[in-house]
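**Q**
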Amino acid sequence: MKHQRQVELLRQCLDYIDMKTTQHEEEEYLSPVYKYHDQEYFEQELEAVFKRMPNMVAHVSEIELGNGFITRDLHGISVIIARQNDGCDDSSFKAMLNVCKHRGARLEGAESGCKNRFVCPYHGWMFNNKGELKGVPHQEGFPKLIKSDSGLNELSLWVRNGFIFVLPNTDVEFDFDKFWAPIAEDLNDYNIEDMMVYRPVTKTWNSNWKIVSGGGLESYHFQVTHAKTIAPYFFSNTSYLEDFGPHFRLILPRQSINKLREQDQSEWQIRDHTHMVYQLFPNVALLVQEDHIAMFIMRPVSPSEVEITFQMLIPKDGFAQREQAHWDRNHQITEMTLEEDFEMGESIQSGILSGANQHLRFGLSEWGLARLEQFIDQAIAGQPPGQ
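Just so you know, we're using the working numbering here: the sequence shown kicks off at 30 and counts up by one.
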């Protein structure tokens with residue numbers, strides 16, 4: 030983020046603090062509760078948003094150099110992502126359906142590893158890590174088989190800012206650069222591709238995925254939900270949210286921002302006195318802090334269940350410069366805070382299923398939640414979200 034923009038955002042936050050207010054839209058928004066429990070609507074979301082748009086599957090550091098691979102389940106579709114070289118661009122990885130071309134068995138069962146060959150556990154058909162069929166036991170039994178035409182199905186893959194995205198549908202074309210461009214300039218400044226994943230934790234929660242996502246789009250809940258953890262370090266209901274196409278950036282000023290009043294603006298750095306939450310459509314959040322980034326990925330399981338992976342991204346060259354206790358302490362604080370959000374999400378889901386309300390009410394400072402719903406509905410209607 031350019032320094033002048035950092036100054037503008039910090040100045041805006043200071044103005045909100047002085048006026049004891051925050052960013053507001055003009056009208057409240059009523060969200061029908063069926064969007065949070067209805068199976069038919071959930072299936073529309075899965076089809077339009079998750080199966081026809083790119084899914085973030087990993088950070089590049091999660092796939093080892095030298096024939097590393099991972100497998101991911103993308104909403105019922107098993108995928109292999111295999112390294113092709115030691116780079117970090119689109120050509121450095123290949124995504125393929127994890128399905129043998131013989132009888133359709135799952136080819137690779139491990140979640141990660143290093144292999145230059147994948148051998149089917151059913152009949153031993155062998156594919157290299159480019160997806161090419163290289164070996165067929167008793168090949169004389171398949172006189173019409175052309176091995177060069179029987180490779181694994183390849184999926185579209187993109188690598189941006191250290192993140193790997195896969196589109197789990199071979200019949201869809203997608204303009205990823207147009208999708209990513211609005212947020213790219215901000216993320217370019219963080220050198221995320223030079224970071225490493227630290228201590229991933231995965232857990233399933235009894236909550237609709239949008240409830241969890243919505244918690245990262247407003248600060249109205251901070252002083253109550255996080256009273257025992259991070260609330261004392263922030264201001265009550267004070268934040269600044271912008272959308273970038275279908276993506277969001279939320280600025281959360283910390284109490285220390287008041288120190289800027291005594292500094293020359295040339296010295297202002299936004300990471301020193303705020304937390305920034307980037308919501309990458311549809312289901313990834315990055316919490317940018319002073320020396321690391323907390324990241325969580327939401328994978329919808331059902332209308333009332335979501336699997337969440339939380340992990341930290343740490344600069345490779347900075348990991349050894351601090352004691353491990355520093356990183357563990359930050360991990361623990363963030364995990365405790367997120368669990369407060371997720372437990373509240375389960376409470377909300379229970380309330381929705383009770384039938385007590387016909388809609389959820391989003392206030393003037395919660396406009397990001399309404400915008401997220403609008404982006405999803407645009408995708409379901411076959412329109413590019415956020416445009």
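Virtual Cβ for every residue (Gly too), placed ideally from N, Cα, C. Quick caveat, the model's predicted, so the values are computed rather than measured.
Ignoring anything shorter than 3 residues, give me the beta strand (DSSP E) runs that lie fully in the region 114-144, in order along the chain.
**A** 122-126, 141-143
**Q** Whose C-alpha, out of M85, S121, H104, is nearest the C-alpha of L94?
**A** For L94, the closest C-alpha among the options M85, S121, H104 is that of S121.
**Q** Entirely within the region 322-359 and at least 3 residues each: give me those beta strand (DSSP E) ranges in chain order.
**A** Within the region 322-359, the complete beta strand (DSSP E) runs of at least 3 residues are 322-331, 334-344.
**Q** In the DSSP assignment, what residue or residues form a beta bridge with P282?
**A** T303
**Q** Grab me the residues of R189's own chain with a C-beta within less than 6 Å of its C-beta, minus the 5 sequence neighbours each way, in chain order.
**A** W209
**Q** Would you give the residue range spanned by the beta strand (DSSP E) that V62 belongs to?
**A** Taken as a continuous stretch (DSSP letters only), V62 belongs to no beta strand (DSSP E), as it is neither H nor E.
**Q** Any idea which residues DSSP pairs Q308 with across the strands?
**A** F277, A314
**Q** From the DSSP output, in three-state form, read off S185 for me.
**A** S185: strand per DSSP, three-state reduction.
**Q** Where do the ends of the alpha helix (DSSP H) carrying N89 lie?
**A** For the sequence presented, residue 89 should be read as Val rather than Asn. From DSSP, V89 is part of no alpha helix (DSSP H); its letter is neither H nor E.
**Q** Evaluate Y262 with the Cβ neighbour count: other Cβ atoms within 10 Å of its Cβ, from every protein chain shown; 16 or more gives buried, anything less gives exposed.
**A** With fewer than 16 other beta carbons inside 10 angstroms of its own, Y262 counts as exposed.
**Q** Can you check whether the CB of Q378 is closer than 8 Å to the CB of I240?
**A** Between I240 and Q378, the CB-CB gap stays under 8 Å.
**Q** Quick one: is E247 buried, meaning 16 or more other Cβ sit within 10 Å of its Cβ, or exposed?
**A** buried
**Q** Report, in whole angstroms, the separation of the C-beta atoms of L103 and V195, which I expect to be a contact under 8 Å.
**A** 7 Å
**Q** I'd like to know if the region 220-239 and the region 343-356 are in contact, where contact means that at least 3 CB-CB pairs between them fall below 8 Å.
**A** yes
**Q** Would you kindly check if the distance between the Cβ of I409 and the Cβ of Q73 is under 8 Å?
**A** yes
**Q** Measuring CB to CB, does N96 end up less than 8 Å from K173?
**A** no
**Q** Quick check: the Cα distance between S268 and E37, rounded to an integer number of angstroms?
**A** 14 Å
**Q** Under DSSP, the beta strand (DSSP E) around N217 begins and ends at which residues?
**A** That residue, N217, is in no beta strand (DSSP E); its alpha helix (DSSP H) goes 205-217.
**Q** When DSSP builds the beta bridges, which residues end up paired with V108?
**A** R101, L126
**Q** On a Cα-Cα basis, can you pick out the residue from M125, H276, V201 that is closest to Q416?
**A** Ranked by Cα distance from Q416, the options M125, H276, V201 are led by H276.
**Q** Taking contact to mean at least 3 C-beta pairs separated by less than 8 Å, is the region 196-207 in contact with the region 164-181?
**A** no
**Q** So what's R81 in DSSP terms, helix, strand or just coil?
**A** coil
**Q** If you draw a straight line from the C-alpha of D47 to the C-alpha of A256, how long is it?
**A** 22 Å
**Q** In angstroms, rounded to a whole number, what distance separates the CA positions of E137 and T363?
**A** The alpha-carbon separation between E137 and T363 amounts to approximately 33 Å.
**Q** In the DSSP output, what is K232 paired with across the bridge?
**A** I337
**Q** For L309, count the other beta carbons within 10 Å of its own beta carbon; 16 or more makes it buried, fewer makes it exposed. Which is it?
**A** buried
**Q** Assuming A313 contacts M85 under a Cβ cut-off of 8 Å, what Cβ separation, rounded to an integer in Å, is found between them?
**A** One point to set straight first is that residue 313 is Val, not Ala, in the sequence displayed. Correct: roughly 5 Å between the Cβ atoms.
**Q** Counting along the chain, where does the beta strand (DSSP E) carrying V195 start and finish?
**A** 192-196
**Q** Locate the alpha helix (DSSP H) running through K163, then write down its first and last residues.
**A** For K163, there is no enclosing alpha helix (DSSP H); the residue is found in the beta strand (DSSP E) stretching over 162-164.
**Q** Can at least three beta-carbon pairs, one atom from the region 42-62 and one from the region 387-398, be found at a separation below 8 Å?
**A** Touching, yes, given that three or more Cβ pairs across the two stretches are closer than 8 Å.
**Q** Taking contact to mean at least 3 C-beta pairs separated by less than 8 Å, is the region 327-339 in contact with the region 232-239?
**A** yes
**Q** For M365, is the classification buried or exposed, using 16 other Cβ atoms within 10 angstroms of its Cβ as the cut-off for buried?
**A** With fewer than 16 other Cβ atoms within 10 Å, it is exposed.
**Q** When DSSP labels each residue in this structure, what does F264 get in the three-state scheme?
**A** coil
**Q** Report yes if the CB atom of G392 is closer than 8 Å to the CB atom of Y219, and no otherwise.
**A** no
**Q** Going by DSSP, what residues sit across from H255 in a beta bridge?
**A** Paired residue(s): none; H255 is not in a bridge.
**Q** What residue from A139, E69, F79 has the CA that sits closest to T100's CA?
**A** A139
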